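Going by this note's numbering, the sequence shown opens with residue 1, and the numbers climb by one from there. Cβ atoms here follow ideal geometry from the backbone N, Cα and C, with glycine treated the same way. Computed from a prediction, not measured in an experiment: that's the story for all the values here.
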Amino acid sequence: MNSNSTYYMVLIIFILSGGTGNVFERFINGFVTDYIRLNIPYFTYFNLDDVFVIFGITLFIYQSIRNNKMIGKIYSL
Numbered sequence: 001m002n003s004n005s006t007y008y009m010v011l012i013i014f015i016l017s018g019g020t021g022n023v024f025e026r027f028i029n030g031f032v033t034d035y036i037r038l039n040i041p042y043f044t045y046f047n048l049d050d051v052f053v054i055f056g057i058t059l060f061i062y063q064s065i066r067n068n069k070m071i072g073k074i075y076s077l
């Protein structure tokens with residue numbers, strides 16, 4: 001397993017753990033408890049599971065864009 005696939009595996013673990021945490025809490029409590037509040041309009045309440053999902057997706061997109069740019073440089077030689 002190379003470092004790039006390990007990186008993607010960690011990102012997938014972040015995304016799945018955040019999603020699983022939200023689903024599990026909704027299944028147990030009937031709702032998800034949002035306990036972190038920021039004073040940003042339309043994005044005020046969230047929890048740690050949401051942070052894991054957003055972090056994983058953001059870095060996944062960043063890495064995918066970065067890899068596409070590297071592939072473009074290789075093919076343009």
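DSSP state of residue i mapped onto helix, strand, coil
i, result
"residue 57", "helix"
"residue 7", "helix"
"residue 23", "helix"
"residue 32", "coil"
"residue 68", "helix"
In DSSP terms, what residue i is bridged to
i, result
"residue 45", "37"
Contact under 9 Å by Cβ, residue i with residue j
i, j, result
"residue 19", "residue 49", "yes"
Cβ-Cβ separation, residue j to residue i (assumed contact under 8 Å), whole Å
i, j, result
"residue 47", "residue 36", "6 Å"
"residue 34", "residue 45", "4 Å"
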